[in-house]
Structure formats: structure tokens, C-alpha cells
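Colleague:
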Amino acid sequence: MSEMIKEINLTENQKKAYEKLLSTYEYSLRRGTICLIGDFQSGKTTLVRYFLSNKFQNYEKYYLNVNLYLLDRLKQEKTDFSIMSKIKAKTRLIMSVALQDAIEKHFTKENLLVLDAIEIIYPYNLDLVSLVSRYARDGKICIICVPENDNFIFNFS
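Structure, rendered in C-alpha cells:
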């Protein structure tokens with residue numbers, strides 16, 4: 044376990060959420076997608092990193108920062124960020140293919156993946172739950188950290 048993670052003190056709300064997450068992860072007969080919902084900056088990232096560090100020695104390999112991953116992928120595609128909002132269909136397709144590729148590759152080797160920092164997908168109406176559900180089954184679990192915000196709608200279908 045990392046020294047940084049050992050020193051984290053969870054708040055009372057985070058402790059309750061951690062216990063629920065732990066029991067859902069360990070005792071749920073139904074595997075698949077778990078959505079961890081909370082306000083922006085409410086401690087979801089801290090909570091999942093704490094959870095992962097208690098489960099795995101090399102916890103970073105189970106964690107994907109979606110914003111950073113997709114920005115990197117869009118740079119590889121030489122996307123002009125100033126026109127991303129004008130070419131939504133192309134940007135959405137690149138994001139969808141990139142995430143699907145990352146999720147599929149991850150689940151060929153591992154049974155757990157945490158997707159965090161997903162705000163970049165909001166304007167593109169990317170159905171992350173449907174995308175994940177293709178792979179998070181048969182004993183595999185994907186935890187999605189969903190920031191609650193009135194300006195964005197997350198598709199739980």
C-alpha cells in the first residue's frame with residue numbers, strides 16, 4: 044500500500060460510502076457497473092483510490108482518469124481543441140472508440156476498473172454505462188465516478 048494512501052483520513056460521509064462500496068464489491072452477486080455519485084470535489088477520487096489501495100498493491104493499474112486519457116487520445120488524433128465543440132460527431136466517435144479500446148484491453152487481464160474524471164464526455168452525450176456493460180460482466184466490475192451537477196446529465200440507461 045502506498046504511503047500517501049495510508050495517510051488518508053476519510054470523512055464520516057466517505058466512511059459510509061466506503062463501507063457501501065466495499066460491501067457492493069465483495070458481496071454482490073450481480074457484477075457489472077457501480078456508479079459512485081457525488082458532488083464535484085466531494086471526495087469520490089479519494090474514496091476510490093483508498094478503496095483500490097486497500098485491495099491491490101499496484102492500485103494505479105485499476106484506475107483510469109477519463110479526462111486525461113481522452114485528451115491524450117485526442118492529441119494523438121491531432122484534434123484541434125478549439126473546434127471540438129463544432130465537430131461533436133467526430134469527437135464523440137474518437138472518444139467512444141478510445142474508451143471502448145481501453146476498457147476492452149483492461150478487462151482482458153483484470154476484473155476491476157475505476158473510471159474517474161468523466162466530465163469531458165458530458166457535452167458529447169456518450170453513454171458510458173452502455174459502453175462499459177459490454178465488458179463489465181461475468182465477474183468483472185467497473186466503478187464509474189459520476190459528478191453530480193445540474194448543468195450535466197449522466198445517462199444511466
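In terms of my numbering, the sequence shown opens at residue 44 and continues consecutively.
Glycine is no exception: its CB is placed at the ideal position from the N, C-alpha and C atoms.
(1) Let's see if you can read the secondary structure: which residues bound the alpha helix (DSSP H) around residue 76?
(2) With DSSP as the reference, identify every bridge partner of residue 190, one or two as the case may be.
(3) Does the Cβ-Cβ distance between residue 57 and residue 86 come in under 9 Å?
(4) To the nearest angstrom, report how far apart residue 167 and residue 148 are at their CA atoms.
(5) Looking at the unbroken beta strand (DSSP E) that takes in residue 107, where does it start and where does it end?
(6) Please state whether the Cβ-Cβ distance between residue 180 and residue 74 is less than 9 Å.
(7) Between which two residues does the beta strand (DSSP E) harbouring residue 156 extend?
(8) Please tell me whether residue 90 and residue 79 are closer than 9 Å, where the distance is taken between their beta carbons.
(9) Just to confirm, are residue 190 and residue 161 a CB contact at a threshold of 9 Å?
(10) Would you list the one or two residues that DSSP bridges to residue 184?
(11) Let me check understanding here. Comparing Cα to Cα, which of 138, 173, 81 and 125 lies closest to residue 111?
(12) Nearest CA to the CA of residue 173: which residue from 187, 51 and 128?
(13) Quick one: residues in its chain with C-beta nearer than 6 Å to the C-beta of residue 102, no 5 flanking neighbours on either side, listed in chain order?
(14) For residue 150, I'd like the list of residues in its chain whose CB is within less than 6 Å of its CB, leaving aside the five on either flank, ordered along the chain.
(15) By Cβ distance below 6 Å, which residues in the same chain neighbour residue 185 in space, the five residues on each side in sequence not counted?
(16) Taking only three categories from DSSP, how would you classify residue 88?
(17) Can you check whether the CB of residue 82 is closer than 9 Å to the CB of residue 192?
Modeller: According to the structure data:
(1) Not the alpha helix (DSSP H): residue 76 falls in the beta strand (DSSP E), residues 75–82.
(2) 81
(3) yes
(4) 23 Å
(5) 106–108
(6) yes
(7) 155–159
(8) yes
(9) yes
(10) 75 and 155
(11) 138
(12) 187
(13) 95 and 96
(14) 178 and 183
(15) 76, 156, 175 and 179
(16) helix
(17) yes
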